[in-house]
Amino acid sequence: MTQPPRAEIDQIAEASIAALRAPSLFNSQPWRWRLVGGHGELWADRSRQLTGLDPAGHLLLLSCGAALHHATVAMHAAGYTADVVRVPDPDRPDLVARLRQGAACEPDDRLYRAIYRRRTDRRPFGDERPGPAALDELRAAAERHGVHLHVVREDQVTAFAAAVARAGAIEHADPRFRDDVLAWTTRARPDRDGVSARSMVPPTPRTVAPRNFAVARPAALEPGPGTDRGTVYVVLAIDTDEPHDWVAAGEALSDVWLTLTAHGLAASPISEVIEVDAVRTALRRVLGGVGNPAIAMRVGVTVAEADPVPAAVRRSGTDVVGLPGQL
Numbered sequence: 013m014t015q016p017p018r019a020e021i022d023q024i025a026e027a028s029i030a031a032l033r034a035p036s037l038f039n040s041q042p043w044r045w046r047l048v049g050g051h052g053e054l055w056a057d058r059s060r061q062l063t064g065l066d067p068a069g070h071l072l073l074l075s076c077g078a079a080l081h082h083a084t085v086a087m088h089a090a091g092y093t094a095d096v097v098r099v100p101d102p103d104r105p106d107l108v109a110r111l112r113q114g115a116a117c118e119p120d121d122r123l124y125r126a127i128y129r130r131r132t133d134r135r136p137f138g139d140e141r142p143g144p145a146a147l148d149e150l151r152a153a154a155e156r157h158g159v160h161l162h163v164v165r166e167d168q169v170t171a172f173a174a175a176v177a178r179a180g181a182i183e184h185a186d187p188r189f190r191d192d193v194l195a196w197t198t199r200a201r202p203d204r205d206g207v208s209a210r211s212m213v214p215p216t217p218r219t220v221a222p223r224n225f226a227v228a229r230p231a232a233l234e235p236g237p238g239t240d241r242g243t244v245y246v247v248l249a250i251d252t253d254e255p256h257d258w259v260a261a262g263e264a265l266s267d268v269w270l271t272l273t274a275h276g277l278a279a280s281p282i283s284e285v286i287e288v289d290a291v292r293t294a295l296r297r298v299l300g301g302v303g304n305p306a307i308a309m310r311v312g313v314t315v316a317e318a319d320p321v322p323a324a325v326r327r328s329g330t331d332v333v334g335l336p337g338q339l
């Protein structure tokens, strides 16, 4: 039995609320939803673009892609497929996607439940390495969106670590990058966005150093007892740098992150190697020149006695979801 249009748009509204939990660059949440007739429109919000770290808006579109995938996961959990048209109008480049409720399907809430458990965990992970079966699932999750997932081999880790360190040094010396870090780590409480000190970890010796937030404020999250010896580094790569590729990269990031969360694993993104063009080019060479790196991640097993990471703050639905004419 076909649902009336009101019920369909209510379902899309609920999906857009679930999308509030999607990961984004510096928790900038750079998207808006507009409910129009029987569908929802996902728009990039350029007022939330980090112009120093992401001048081309690639990571903005990646963030929007993650929100889109979160919305489709919510629809699948409710028992409906998602009918998505990506980057539908070349004359309106900030219109990322149109989303409609598709056919009824068997409800699947495995990834939906992971939406509310997923965290950005910057602490060192434990000695146990994620198993081959889990890594195969992560590859499959990326490939569902036409994105390639490269697991950094053991003999490539040193070069990967050097690329991350070089990106961090370049950004720390450049006021454009420092300004973005400062702006998005010292947000006012009512903004309900940005990176909180509660999720920042103080520097500790690591094979791959985490992003240095020291330009802003002291880290408040204890690093914990992890050694990082079991940490796996992965890179999501796209075929070209067109807008639809970056949206797909965000969908793949969301799918991979929710999949690993459902497996009981943890992760944090490494976007520095994408933000600095020369480092992104060097990373492509490390990976054998196959695909263009879109985002990197560290994936691992948390230490059993480690405390839960606090959830990131999120904007409210009234801030993000609007009716026709409201953007």
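For the sequence shown, position 57 matches number 69 in the numbering used here, and the numbering has no gaps at all. C-beta: ideal position from N, C-alpha, C; glycine also.
Alpha-carbon to alpha-carbon, residue 176 and residue 284 = 7 Å
What is the rounded straight-line gap between the Cα of residue 303 and the Cα of residue 291?
-> 15 Å
Identity of the residue in 251, 220, 239 nearest residue 309 by Cα = 220
If I'm right that residue 66 touches residue 287 with Cβ under 8 Å, what's the distance once you round it to whole angstroms?
-> 7 Å
Reduced DSSP category for residue 13 - H, G, I as helix; E, B as strand; rest coil | Because residue 13 carries a pLDDT of 39, less than 50, the predicted location of this residue cannot be relied on, and no value is offered for it.
Report yes if the C-beta distance between residue 111 and residue 24 is below 8 Å; otherwise report no.
-> yes
Hey, would you say residue 245 sits closer than 8 Å to residue 298, going by beta carbons?
-> no
Exposure of residue 92, with buried meaning 16 or more beta-carbon neighbours within 10 Å | buried
So, using beta-carbon positions, are residue 197 and residue 225 closer together than 8 Å?
-> Going by C-beta atoms, residue 197 is nearer than 8 Å to residue 225.
Under a Cβ-count criterion, where at least 16 other Cβ atoms within 10 Å of its own Cβ denotes burial, should residue 63 be classed as buried or exposed?
-> Under this definition residue 63 is an exposed residue.
Look at residue 43 and residue 107 and say whether their C-beta atoms are less than 8 Å apart.
-> no
Close beta carbons around residue 329, own chain, < 6 Å, minus the five adjacent residues each side = Only residues of its own chain outside the window of five on either side were considered, and among them 29 have a CB closer than 6 Å to the CB of residue 329, listed in chain order.
Considering only residues of the region 254-315, which uninterrupted beta strand (DSSP E) runs meet the minimum length of 3 residues and lie entirely inside it, listed in chain order?
-> Runs of the beta strand (DSSP E) inside the region 254-315: 278-282, 304-312.
In chain order, what residues of the same chain lie with their CB nearer than 7 Å to the CB of residue 145, ignoring the 5 residues before and after it?
-> none
Any alpha helix (DSSP H) of 4 or more consecutive residues that is wholly inside the region 182-250 | 187-197
Roughly how many whole angstroms lie between the Cα atoms of residue 132 and residue 51?
-> 31 Å
Go through its chain and collect everything with a Cβ distance to residue 109's Cβ below 6 Å, but skip five positions before and after it.
-> For residue 109, where only same-chain residues beyond five positions count, the Cβ hits under 6 Å are 54, 80, 96, 98.
Within 10 angstroms of the Cβ of residue 118, are there 16 or more other Cβ atoms? Answer buried if so, exposed if not.
-> exposed
Would you report the Cα separation of residue 125 and residue 34, rounded to the nearest angstrom?
-> Rounded to whole angstroms, residue 125 to residue 34 spans 13 Å at the Cα level.
Under the DSSP definition of a beta bridge, which residues are partnered with residue 113?
-> 94
Run through DSSP, which three-state label would residue 131 get?
-> Coil.
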